[in-house]
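In my numbering, the protein residues as written are 16 to 404.
For each residue, glycine too, the CB sits at the ideal point set by N, CA and C.
Computed from a prediction, not measured in an experiment: that's the story for all the values here.
One structure is given below, encoded as C-alpha cells.
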Ligand code: RFL
Ligand code: PHB
C-alpha cells in the first residue's frame, strides 16, 4: 500500500490529523494497535480549550460538540475550606467547553468511517523503516500477515508508550522529565455534578477535583499514593475520602452512586526534543506528557496537530518545506508554556509527601496571593483557557 502520510495511533491526535488531512485532499492511512472499541473505552480528558473547539469545527466534527458541550466561564479553587471563583470570561473574554475525550474520539471515528479513508485497527508489531530517508515505510502484522505502507511522511501519534519515539536513535533526541510522587484516582458516576463549575481542592488529606461530563454524569479525582491499587478503593471508601476533602457546604451536595469506571493514573511531566527525526513527526502524548491538573494534554495534542496539518498542507500545495522545518520549534514553544502551567498548578494544589515547612508555607502564600490578586487570577485564567496558536 502507498499513501502520503502514515499516521500511527488512532487517539485524538491521530484521528484529528487524519480528518484535517482528508479535508485538504491529502491521503493518510491510520494504523492503530488496539480495536476501535478499546480506544473508545478509555476515560480521559474533559476540558476543551476554545482553540481545540475551533479546530474541531475546522475539521467538520463539531455538530454534537456544539449541541452537547457545556461552556464554562470559570472554575473554583478551594483551599482550607475557603472557595474562590476564577472568572475566565471576565478576566480573558474566553471560556472552556466540557466535552469528554470519548465523545471527541467517537465523533472523529464517525467522520473517518464516512470518509472511507483507511484505518487499520488491531495492527500488531508496528515498525518504522528508513525514517531518515525520503522513502519511509511502516510495517505491521494484521491477522498473522506482515503488511507494509510506503509513504512520504510518518506522523507519530501513538501516545506515551508508542513505538514512534522509540524508533528515533537515542543520540538524536533528548528527554526532559519530572515524575511526581503521587497519582490520581478517578471515578466516573451517573449522577449530576456537585456544582455548576469544576472545583479544584487543596486539602490537608490531599488534592481532589470535582469535574463532570454532562448534567447527569460526574467525574471525581483524588490524589493517591503511587503504591495504591484500584481494588483497594471500593466505591464507599472513595466517597468517604472525597467527602472528607470537601468543605461542609459542598459535601452536602455530593450525590453518590455506583462507579461506571475507576482508574489510577500516575502524574508525570515529559517533553521529547526535537519533535522531528527525518520524515517522522511526533505529536500529542507521543511527544510530551503533562500532569492533568491544568487540563492540557488533549489540548496540546490538538495544537501540535494544527501546526503539523498546516505544514503538510503547505508542503503538498506549494512544495515548500519551510513550515515542516519549523514544526518542532513552533509546537515546542507552546508545549513548554503548557508544561510550565501544568507543573505550577500541580505544585499549587497537591500535598507533596515530605514537603518541608518552608515549602508548605510557600504554597499557602501562593494560594493566598492568587485569591487576593486579580493579576494572579488573570495569569491562571489566561493559561487555563489556552494560549493562542
Ligand atoms: P493517546 O490518546 O494515548 O492515543 C495514542 C494511540 O496510539 C495507539 N498506539 C499505537 N498504535 C499503533 N502502534 C503502536 N505501537 C501503538 N502504541 C500506541 C494507542 O492504542 C492509542 O489509541 O494519545 P494522543 O492521541 O496524543 O492524545 C492525548 C490525550 O489522550 C491525553 O493527552 C489526554 O487524555 C490527557 N488528559 C487531559 N487532557 C486535556 O486536555 N484535558 C483534560 O481534562 C485531561 N484530563 C488526561 C486527563 C489524561 C488522564 N490520564 C488517564 C492520563 C485526565 C486523566 C486522568
Ligand atoms: C476531567 O474531567 O477529566 C478533568 C478535568 C480537569 C482536569 C483534569 C481532568 O484538570
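Residue i in three-state terms, based on DSSP
i: residue 153; result: strand
i: residue 293; result: coil
i: residue 48; result: coil
i: residue 342; result: helix
i: residue 364; result: helix
i: residue 231; result: coil
i: residue 91; result: strand
i: residue 114; result: coil
i: residue 212; result: coil
i: residue 394; result: helix
i: residue 384; result: helix
i: residue 176; result: coil
i: residue 168; result: strand
i: residue 377; result: helix
i: residue 59; result: coil
i: residue 127; result: helix
i: residue 134; result: strand
i: residue 17; result: strand
i: residue 269; result: coil
i: residue 349; result: helix
i: residue 182; result: helix
i: residue 332; result: helix
i: residue 400; result: coil
i: residue 223; result: strand
Candidates the options, of which the one nearest residue i by Cα
i: residue 60; options: 367, 249, 310, 184; result: 310
i: residue 133; options: 122, 319, 34; result: 34
i: residue 339; options: 306, 319, 231; result: 319
i: residue 229; options: 205, 143, 396; result: 205
i: residue 51; options: 25, 37, 75; result: 25
i: residue 296; options: 180, 103, 393; result: 180
i: residue 63; options: 18, 57, 43, 109; result: 109
i: residue 212; options: 284, 72, 111, 44; result: 111
i: residue 406; options: 159, 81, 138, 65; result: Residue 406 is absent from the structure shown; the chain starts at 16 and stops at 404.
i: residue 167; options: 395, 376, 42, 337; result: 42
i: residue 391; options: 245, 136, 360, 124; result: 360
i: residue 18; options: 141, 324, 163; result: 163
i: residue 193; options: 231, 305, 280, 149; result: 305
i: residue 236; options: 224, 247, 53, 243; result: 224
i: residue 6; options: 117, 126, 403, 173; result: With the chain covering 16 to 404 only, the question about residue 6 has no answer from this structure.
i: residue 115; options: 313, 397, 150, 277; result: 313
i: residue 322; options: 159, 123, 32, 365; result: 32
i: residue 209; options: 308, 317, 263; result: 263
i: residue 22; options: 242, 362, 273, 177; result: 177
i: residue 407; options: 121, 307, 127, 315; result: Coverage of the chain is limited to positions 16 through 404, which leaves residue 407 absent and any answer about it impossible.
i: residue 325; options: 30, 91, 36; result: 36
i: residue 151; options: 328, 348, 76, 20; result: 20
i: residue 92; options: 79, 285, 396; result: 396
i: residue 369; options: 341, 328, 196; result: 196
i: residue 216; options: 344, 260, 333, 157; result: 260
i: residue 122; options: 158, 249, 83; result: 83
Residue i CB to nearest heavy atom of the ligand RFL below 6 Å
i: residue 376; result: no
i: residue 27; result: yes
i: residue 115; result: no
i: residue 221; result: no
i: residue 59; result: yes
i: residue 401; result: no
i: residue 346; result: no
i: residue 47; result: yes
i: residue 24; result: yes
i: residue 74; result: no
i: residue 316; result: yes
i: residue 203; result: no
i: residue 158; result: no
i: residue 31; result: no
i: residue 280; result: yes
Residue i beta carbon near the ligand PHB (any heavy atom closer than 6 Å)
i: residue 208; result: no
i: residue 299; result: no
Opposing strand residues paired with residue i [DSSP bridges]
i: residue 281; result: 198
i: residue 139; result: 156
i: residue 286; result: 191, 303
i: residue 102; result: 89
i: residue 238; result: 199
i: residue 40; result: Answer by DSSP bridge pairing: none, since residue 40 is not bridged.
i: residue 217; result: 94
i: residue 31; result: BP columns for residue 31 are empty, so no partner.
i: residue 161; result: 156
i: residue 144; result: 152
i: residue 276; result: 203
i: residue 64; result: 111
Discussion item. Please output, in chain order, the residues near the ligand PHB using a CB cut-off of less than 5 Å to any non-hydrogen atom of the ligand.
Written reply: Chain-ordered list of matching residues: 61, 62, 226, 234, 307, 310.
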